[in-house]
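Residue numbers (the working numbering): 10 to 403. Yeah, the Cβ is synthetic: ideal placement off N, Cα and C, and Gly gets one too. A quick write-up on the structure given underneath.
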Amino acid sequence: SALRCNSKTVMVGVCVYGGFVLSLFAPRFGRHNNRRIQTVPGMIRRGMAFSTSSSPGSALYIRTPLIHSLPLSRRIGKDVYLKLDCLQPTGSFKDRGLSEYVRFVKEKQNAKRIISSSGGNAGHAAAWAGNSLGLNVTVVVPKSAPKFMVDKIKSHGAEVIVHGDVWKDADNLVQEMVAKDPEAAYISPYDHPVIWEGHKSMIEEVYEDFKTMGEATPSAVVCCVGGGGMLCGIYDGLVECGWGDYTSVVTAETAGAASFAKSVHSGEHVTLEKIETIASTLAAPKVADGVIERMKSYKAGTYAVGDVSDPEAVQACVSFSRDHRFLVEPSCGAALSLLYNDRHKSLFDASCRSSSEERGTQRGEGPIVMIVCGGGGVDMSILNGFQKKLGLTE
């Protein structure tokens, strides 16, 4: 089919895999009522194409679309672009770093089996990647792991072991299992340089798309923080593409899981005694050492928000589903809430100063990039359940 836009014809193709549909557009942008329309970049790119092949160099994640958000741009008075990593094969950005790490342990460490300790998106991504690369996969999950996600992990042929009340209990068992099995490799959910290298690719894609559009350097990249693996990749990508002096990083955590924000504001590497949030995929009591190191050296500054309430995060998920027809987890909703909630609007003013350094830094006037990291642990019934639990009205 064809879409007419100011006398320009945009040819639309459809690519279907695994139950989701991506539209592929060309050209990449046009003009409508004197506004740029960002269309979806092509999925296929050398070295970045989605593939189930185990051959060297074939990626197990896709190049995701970058789209302009008219509703969010109107809300804050500045162009907002959405990096839609919710469209990865398992529904989460985790496919980037975890697939690269699983490939690494197979090819560089000759692992025949991988063992992961995540009952969430990292475990799902590890199971997907391990199965695709012909490895035996075991995922140890705590008793709190949702059956919804456990079933998804099992669907990739992984063995699932339920152990302990919290993630740390499951992770301790994984460490013991790996120590006894010379053919097994431990797959961290977030804490390894190869994982960060994989996550860096999302910023590389944003940079290429901004160049193609002729768009200005972004003033900020917005994301949520769990263990810090994605954030490490974001920092590295921004520095390597030359935006590290100009593009500030704005992070979001719910109040019951704000290990990164508390570390930023206290100047110490904080470990939380307990996690209390509905956004379970943010439930890392301590972020990776690598993210603290990068935050301290990042020149454009970091704005760390650690007081997002669970209702705000869930309401942002609902608003986003209405505005853009995508379902995301409350962890992603925490980041989206910074744009949906008026109390955070000043964060995106050019005069706002960062919380990562006493002297602070000022950001530019360019657009904002929101990392829609996704999350495979949500469907309509689960999202409705969150609303009811928190007393949110329709």
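Where residue i sits in the DSSP three-state scheme
i: R84; result: helix
i: Y110; result: helix
i: G238; result: helix
i: R122; result: strand
i: H333; result: helix
i: A218; result: Going by the sequence as given, residue 218 is Asp instead of Ala. Reduced to three states, the DSSP call for D218 is helix.
i: D316; result: strand
i: T290; result: helix
i: L281; result: coil
i: Y70; result: coil
i: S153; result: coil
i: Y349; result: helix
i: E168; result: strand
i: V146; result: strand
i: I391; result: helix
i: G386; result: coil
i: E374; result: coil
i: A409; result: Absent from the structure is residue 409, since the part of the chain shown begins at 10 and ends at 403.
i: A309; result: coil
i: V296; result: coil
i: L356; result: helix
Span separating the alpha-carbon of residue i from that of residue j
i: P151; j: E282; result: 17 Å
i: K87; j: L347; result: 14 Å
i: M1; j: V89; result: In the structure as shown, the chain begins at 10 and stops at 403. Residue 1 is therefore absent and cannot be evaluated.
i: E109; j: S330; result: 30 Å
i: R334; j: I76; result: 13 Å
i: T9; j: C232; result: Past the boundaries of the shown model lies residue 9; the chain is included only from 10 to 403, so the question cannot be answered.
i: A154; j: G386; result: 10 Å
i: R368; j: G310; result: With a pLDDT of 40 at R368, under the threshold of 50, the predicted position of this residue should be treated as unreliable, and no value is reported.
i: S82; j: S101; result: 24 Å
i: R84; j: S328; result: 12 Å
i: H278; j: D180; result: 21 Å
i: V358; j: I170; result: At residue 358 the sequence reads Asp, which differs from the Val that was named. C-alpha separation (whole angstroms): 48 Å.
i: D190; j: F113; result: 18 Å
i: L69; j: P376; result: 30 Å
i: K92; j: H133; result: 21 Å
i: A131; j: G276; result: 28 Å
i: I212; j: T226; result: 12 Å
i: V248; j: K308; result: 9 Å
i: R352; j: S197; result: 35 Å
i: V159; j: L142; result: 20 Å
i: E411; j: S228; result: The displayed coordinates of the chain run from 10 to 403. Any statement about residue 411 would go beyond what the structure contains.
i: T99; j: L240; result: 19 Å
i: V258; j: V378; result: 10 Å
i: Y216; j: V230; result: 12 Å
i: L336; j: D94; result: 12 Å
i: D319; j: Q118; result: 41 Å
i: G207; j: G299; result: 15 Å
For residue i: DSSP bridge partner residues
i: I379; result: Strictly speaking, residue 379 in this sequence is Met, with Ile absent from that position. Note: M379 sits in a beta bridge opposite L91, V231.
i: A225; result: None, per the DSSP bridge assignment.
i: L75; result: K92
i: A193; result: R122
i: S127; result: Per DSSP, none; premise fails for S127.
i: A261; result: C233, V314
i: S101; result: G383
Close beta carbons around residue i, own chain, < 7 Å, minus the five adjacent residues each side
i: D200; result: G236, G238, A297
i: A325; result: G342, L345, S346, Y349
i: S289; result: G129
i: A136; result: V146, V148, I162, H165, A167
i: K271; result: V279, G315
6 Å Cβ shell around residue i - same chain, five flanking residues per side excluded
i: G139; result: V111, I123, V146
i: E321; result: S346, N350
i: K209; result: G242, D245, G246
i: K295; result: S268, T280
i: A292; result: A266, I284
i: P36; result: At P36, the pLDDT of 31 sits below 50, so the modelled position is not reliable and the matter cannot be decided from this model.
i: Q97; result: Y70, D104
i: V234; result: L240, T260, E262, F269
Cβ-based neighbour list, residue i, same chain, cut-off 8 Å, excluding 5 preceding and 5 following
i: V323; result: I287, P339, G342, L392, F395, Q396, L399, L401
i: N120; result: The question names Asn, but residue 120 is Ala in the sequence shown. Closer than 8 Å at the Cβ level, and outside the excluded window around A120, lie V114, L144, E192, A193, A194.
i: V187; result: I124, A193, A194, Y195
i: D332; result: S78, P80, L81
i: L182; result: S126, V149, I170, H172, G173
i: F157; result: G386, D388, I391
Proximity test, Cβ basis, 7 Å: residue i and chain D
i: R83; result: Structure shown: chain D not included; a single protein chain is present.
Review point. Would you say the stretch 376–389 touches the stretch 295–313, given that touching needs at least three Cβ pairs under 8 Å?
Key: no
Review point. For the stretch 271–286 against the stretch 249–258, are there 3 or more C-beta pairs whose distance is under 8 Å?
Key: no
Exercise for review: May I ask you to verify whether the stretch 254–264 touches the stretch 314–331, counting CB pairs closer than 8 Å and requiring at least 3?
Suggested key: yes
Exercise for review: Taking 8 Å as the threshold, find out whether the stretch 221–233 comes into contact with the stretch 172–191 through three or more Cβ pairs.
Suggested key: no
Exercise for review: Could you tell me whether the stretch 98–106 touches the stretch 195–211, where touching means 3 or more Cβ pairs closer than 8 Å?
Suggested key: yes
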